[in-house]
Amino acid sequence: MNLLRTASTVSLLTLVSRITGLVRETLVAAAFGASAWADAYQVAFRIPNLLRRLFAEGAFSQAFVPILADTRAREGDDATCLLIDAVATTLFWALLVTSAIGVVGAPVIVYLMAAGLAEFDGAVGMTRIMFPYIAFMSLVALSAGILNTWRHFAVPAATPVLLNLCVILAAWLLVPQFEAWGITPAYALAVGVMVGGALQLGVQVPALLAIGCLPRLRLGPRAIRAAWNHPGVGRILRLMLPALLGVSVAQLSMIINTQIATHLGVGSVTWYTWADRLMEFPTALLGVALGVVLLPQLTAAQAKNDAAAYSAMLDWGLRLVLLLALPCAAALLLFPHALIAVLYHYGEVTPLDVDKAKFALMGYGVGLMGLIAVKILAPGFYARQDIRTPVRIAIVVLVLTQLMNLAIVPILHQRYGLGHAGLALSIGLGATLNAAWLFVGLRRRGSYVPSPGWTVFALRVVIATALLGALLWWAGQAIDWTGMRDRPWTRAGLVAVCLSAAALLYFGTLLASGLKLREFVRRG
Numbered sequence: 000m001n002l003l004r005t006a007s008t009v010s011l012l013t014l015v016s017r018i019t020g021l022v023r024e025t026l027v028a029a030a031f032g033a034s035a036w037a038d039a040y041q042v043a044f045r046i047p048n049l050l051r052r053l054f055a056e057g058a059f060s061q062a063f064v065p066i067l068a069d070t071r072a073r074e075g076d077d078a079t080c081l082l083i084d085a086v087a088t089t090l091f092w093a094l095l096v097t098s099a100i101g102v103v104g105a106p107v108i109v110y111l112m113a114a115g116l117a118e119f120d121g122a123v124g125m126t127r128i129m130f131p132y133i134a135f136m137s138l139v140a141l142s143a144g145i146l147n148t149w150r151h152f153a154v155p156a157a158t159p160v161l162l163n164l165c166v167i168l169a170a171w172l173l174v175p176q177f178e179a180w181g182i183t184p185a186y187a188l189a190v191g192v193m194v195g196g197a198l199q200l201g202v203q204v205p206a207l208l209a210i211g212c213l214p215r216l217r218l219g220p221r222a223i224r225a226a227w228n229h230p231g232v233g234r235i236l237r238l239m240l241p242a243l244l245g246v247s248v249a250q251l252s253m254i255i256n257t258q259i260a261t262h263l264g265v266g267s268v269t270w271y272t273w274a275d276r277l278m279e280f281p282t283a284l285l286g287v288a289l290g291v292v293l294l295p296q297l298t299a300a301q302a303k304n305d306a307a308a309y310s311a312m313l314d315w316g317l318r319l320v321l322l323l324a325l326p327c328a329a330a331l332l333l334f335p336h337a338l339i340a341v342l343y344h345y346g347e348v349t350p351l352d353v354d355k356a357k358f359a360l361m362g363y364g365v366g367l368m369g370l371i372a373v374k375i376l377a378p379g380f381y382a383r384q385d386i387r388t389p390v391r392i393a394i395v396v397l398v399l400t401q402l403m404n405l406a407i408v409p410i411l412h413q414r415y416g417l418g419h420a421g422l423a424l425s426i427g428l429g430a431t432l433n434a435a436w437l438f439v440g441l442r443r444r445g446s447y448v449p450s451p452g453w454t455v456f457a458l459r460v461v462i463a464t465a466l467l468g469a470l471l472w473w474a475g476q477a478i479d480w481t482g483m484r485d486r487p488w489t490r491a492g493l494v495a496v497c498l499s500a501a502a503l504l505y506f507g508t509l510l511a512s513g514l515k516l517r518e519f520v521r522r523g
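Dropping the structure here:
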C-alpha cells in the first residue's frame, strides 16, 4: 500500500468534508450572525460533538483500533469478526442508555458547559434534539475502525460530508420554513444535524457488507452478557479507561473555554467557534488524515517487532507535518482577516464580527503546528497500547492551559475586548507543549530515531514559508477585504488567487532548493 497515496486520498475526501463544513458555517453565520441564538446553537451542537470526540473518535477508537488490528494479525478474520460482534452489541446498548440520560439531563449539561448563555432555554431544547447524534457517531466510529483496519479508508473519510449537506439544506430550506410556521428557526439546524448523523451511519452498511464484517447485534439478555464477557471487550475497556481520561482532559479544556466564553459577552462563543472551525480545516486535512493512516501501520509494525519500520513511519509523518502545516500556520497568522471575511462576512455578520474572529484565528495559528503534530505523535504511543503516557502529559497540559487562560484572557478582555482570542491562544500554546512532550518521550524510549537530513529539510521549509508569509501579509494589508462585502465572488476569487500564488511560491522555492517531493512516497 502506498502510504502517501492513501493519506492523500483520505486528505482529499477530508478536504471535501471541510469545504462543505465551511459552506455550512457560512450559511449559519449569514442567517444568525453572532447573535444569542447563534451562541445557543454553537453550544448545543458542541455538546454531542464533544462527546463524539470523547467517546467515538477519542477513547473508543484509540482502544478499539489497536486491539482489532492485533487480533486480526494474530488470530485471523474469523476471530476478528466475533470480536466486532461483541463490541458492537456492548456499544449499542451503552449508547441507548447514554442518549436517554443526555435528553433528560440536558438542562444540567448545558449549565455545566455554558451557564452564561443569553438563550439558555433554546440551547437546552436544541441539545435534546441533537444529543442522540452521539449514538449515531459512535457506531460510525466503530464502522470506521473496522474499515480502516481492512485498509478501506475512503468511506469513513467521506461520510462527514453528509452531515454538512444536511445542515446546509436545513439552513437553506428549513430555516425560512420554520420561521413561517412560527417555530424558532435555529431548531431547523438541530433537525439537520440529526438527519446527517443517521445518514452517516447508513452509508457504512454497504461498505461493511462488502468486506463481510457487518456487525451482528445481540438483543437477548444472555447474548448481551456473552458479548460483555468476550475477552476482547475486556481488553478494549481496560485500554479505554486511561484513554478516556486522556481524551477527557483535552475535551475538558474545550468545555472550560466554552464556559468562559459565555461570560465574555454575546458573540464570543460564535467568534471563537468560527476560528475553531477554520483551525480544524488544516488539522483534519493533515493531522487526522495522517493519524488515521499511520495508526494501523504502526500497530502492525509493533506486532512484528519491526522497530526500524515503526520509527521510519513516524519520521515520514513528522516530515509531512513540517512540510504542510508550517505554511498553514503562517496563513492563519498573516492572512486571517481575508480568511474570516470570505467565509463569514455575509447576512447578519458585521465587520466588527470579522475583526473579533480574526484575532482568535491568529491565536490558533500560533499553536497549529502543535495541534497537528499531536495527531501524529500520540499514535506512536497508542500503537504500543501505551495510553497512560499521553494521558499524564495531557493532564499536566490541561492545568498549564488553564493557568495561561487566567493570565491571558482577563488582560485581553479588559484592554481590547479580545478575551475569546486569549482562549484560542492558550489552546494553541498548550498543544505545542503537548506535542513537544510526546516527541521527547518517543525519542527517549528509542521508539523514534530521526532519519538523516532533517536540518537541511527544515531550513528549506522555513525559507519557503517565510516567502509565502511575506506574500500573504502584503495581500492581507493591501486589500480591503470587508469593503468587498457586496462583491462576494470577486472577494472569493481574490482569496483563491492569493492562496494559489502563495502555494506556487512555496513549492517552487522548495523545488528550486533541491527538495524532491517523491521522497515522501512511501509504501507500507
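According to numbering that gives the first Met the number 0, the sequence shown is numbered sequentially starting from 0. Built from N, CA and C at the ideal position, the CB exists for glycine as well. Predicted, not measured: the structure shown is a model, and the values here were computed from it.
For this session: Give the C-beta separation of Ser98 and Ala134 to the nearest angstrom, bearing in mind that I take them to be a contact with Cβ-Cβ under 8 Å.
Result: 5 Å
Exercise. Around the Cβ of Arg522, are there at least 16 other Cβ atoms within 10 angstroms (buried) or fewer (exposed)?
Worked result: Because Arg522 sits at a pLDDT of 44, beneath the cut-off of 50, its placement in the model cannot be relied upon, and the point is left open.
Exercise. Mind checking Leu509: buried by the 16 CB within 10 Å criterion, or exposed?
Worked result: Counting C-beta atoms within 10 angstroms of its own C-beta, Leu509 has 16 or more neighbours from the protein chains shown and is therefore classed as buried.
Exercise. Mind checking whether Leu161 and Gly191 have CB atoms under 8 Å apart?
Worked result: no
Exercise. Between the C-alpha atoms of Pro175 and Phe31, what's the straight-line distance to the nearest angstrom?
Worked result: 12 Å
Exercise. With 16 as the cutoff for other CB atoms within 10 Å, does Thr431 come out buried or exposed?
Worked result: buried
Problem set entry | Own chain partners of Thr463 with C-beta closer than 6 Å, once the 5 adjacent residues on each side are dropped | The displayed chain sequence assigns Ala, not Thr, to residue 463. In chain order, Tyr505, Thr508 and Leu509 place their CB closer than 6 Å to the CB of Ala463, counting only its own chain and leaving out the 5 sequence neighbours on each side.
For this session: For the alpha helix (DSSP H) containing Asn163, list its first residue and its last residue.
Result: Pro159 to Leu168
Exercise. Mind checking Gln476: buried by the 16 CB within 10 Å criterion, or exposed?
Worked result: exposed
Exercise. Alpha carbon to alpha carbon, what distance is there between Ala283 and Met0?
Worked result: The predicted model places Met0 with a pLDDT of 49, which falls under 50 and marks its position as unreliable, so this point remains unresolved.
Exercise. Do you know how far the Cα of Gly195 is from the Cα of Val353?
Worked result: 29 Å
Problem set entry | Sequence-distant residues of the same chain with beta carbon closer than 6 Å to Leu251, five excluded per side | None.
Exercise. Do you know offhand how far Leu216's Cα is from Phe91's?
Worked result: Each residue's alpha carbon lies about 8 Å from the other.
Exercise. Are the Cβ atoms of Leu332 and Met361 separated by less than 8 Å?
Worked result: yes
For this session: Report all residues from its chain with a CB closer than 7 Å to the CB of Thr489; omit the five preceding and five following residues, and keep chain order.
Result: Hits under 7 Å: Met483.
For this session: Using the Cα positions of Ala511 and Thr79, report the straight-line distance between them to the nearest angstrom.
Result: 49 Å
Exercise. How long is the line joining the alpha carbons of Leu173 and Tyr186, rounded to whole angstroms?
Worked result: 9 Å
For this session: Measure the Cβ-Cβ separation of Pro295 and Asn147 and say whether it is below 8 Å.
Result: yes
Exercise. Using CA coordinates, which residue listed in Val348, Ser60, Trp472 and Trp36 is at the minimum distance from Pro184?
Worked result: Trp36
Exercise. Which class does Thr25 belong to by DSSP, given the choice of helix, strand or coil?
Worked result: helix
Problem set entry | Pro451 in three-state terms, based on DSSP | coil
For this session: Go through its chain and collect everything with a Cβ distance to Gln384's Cβ below 6 Å, but skip five positions before and after it.
Result: Same-chain partners within the cutoff: Pro65.
Exercise. Just to confirm, are Leu94 and Ser137 a CB contact at a threshold of 8 Å?
Worked result: If you check the CB distance, Leu94 and Ser137 come in under 8 Å.
Problem set entry | Arg517 versus Trp315, Ala359 and Arg414, residue with shortest Cα-Cα distance | The candidate whose alpha carbon is nearest that of Arg517 is Trp315.
Exercise. Val353 lies in the alpha helix (DSSP H); which residues open and close that run?
Worked result: Pro350 to Tyr381
For this session: In the DSSP assignment, find the unbroken alpha helix (DSSP H) run with Trp227 in it and report its ends.
Result: Pro220 to Trp227
Exercise. Just checking my contact of Tyr343 with Ala28 at CB under 8 Å: how many whole Å lie between their CB atoms?
Worked result: 5 Å
Problem set entry | Where Thr183 falls: helix, strand or coil (DSSP) | coil
For this session: Could you tell me the distance, in whole angstroms, from the CA atom of Val320 to the CA atom of Leu370?
Result: 10 Å
For this session: Compute the beta-carbon to beta-carbon distance between Thr158 and Val139, rounded to the nearest angstrom, for a pair I have assumed lies under 8 Å.
Result: The distance from the Cβ of Thr158 to that of Val139 is about 6 Å, consistent with a contact at the 8 Å cut-off.
Exercise. By DSSP, does Tyr505 sit in helix, in strand, or in coil?
Worked result: helix
For this session: Might you give, ordered along the chain, the residues of its own chain that have their beta carbon closer than 7 Å to the beta carbon of Met253, omitting 5 neighbours on each side?
Result: Leu49
Exercise. My guess is that Met193 and Ile128 are in contact by the Cβ rule of under 8 Å, so how many angstroms apart are they, rounded?
Worked result: 6 Å
Problem set entry | Status (buried if at least 16 other CB within 10 Å, exposed otherwise) for Asn256 | buried
Exercise. Rounded to whole angstroms, how far is the Cβ of His419 from the Cβ of Ser267, which I believe are closer than 8 Å?
Worked result: 4 Å
Exercise. Do you know offhand how far Ile210's Cα is from Trp149's?
Worked result: Each residue's Cα considered, the two are about 8 Å apart.
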